[in-house]
Amino acid sequence: ILSLRFDQGMTPNQIAYIINCSRITVLNILQLFRETNNVTEHEGRGRTLLNNRK
461 ILSLRFDQGM TPNQIAYIIN CSRITVLNIL QLFRETNNVT EHEGRGRTLL NNRK
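Its first residue numbered 461, the sequence shown is counted upward by one per residue in this note's numbering.
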């Protein structure tokens with residue numbers, strides 16, 4: 461996604477179409493990269509799994 465956006469100059473819509481995901485997913489990954497300079501998800505992001513609840 462980063463290469464398509466920054467090296468190829470594609471729009472988030474074009475990227476989403478090519479890799480078959482939503483535009484929001486592409487935007488979220490680009491936002492995560494802008495905030496952290498990385499695309500690795502931090503522990504604690506997302507919903508808690510049902511089997512991890514206490």
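C-beta atoms are modelled at their ideal positions from N, C-alpha and C, and glycine is treated no differently. Nothing here was measured: the structure is a model prediction, and the numbers come from that model.
Fully enclosed by the region 464-491, which alpha helix (DSSP H) runs are 4 residues long or longer?
Segments of the alpha helix (DSSP H) lying fully in the region 464-491: 472-479.
State yes or no: is the C-beta of isoleucine 484 within less than 7 Å of the C-beta of valine 499?
Stepping through the sequence shown from its first residue, residue 484 is reached at position 24. Stepping through the sequence shown from its first residue, residue 499 is reached at position 39. Inclusion of isoleucine 484 and valine 499 in the CB contact set at 7 Å is not warranted, their separation being larger than that value.
Here's the rule: buried if 16 or more other CB atoms are within 10 angstroms of the residue's CB, otherwise exposed. What is isoleucine 475?
Translated into positions along the sequence shown, residue 475 becomes position 15. Answer is buried; the Cβ neighbour count reaches 16.
Using a threshold of 7 Å, state whether the C-beta atoms of leucine 464 and methionine 470 are closer than that.
Here residue 464 refers to the residue found at position 4 of the sequence shown. Here residue 470 refers to the residue found at position 10 of the sequence shown. Contact flag set, yes.
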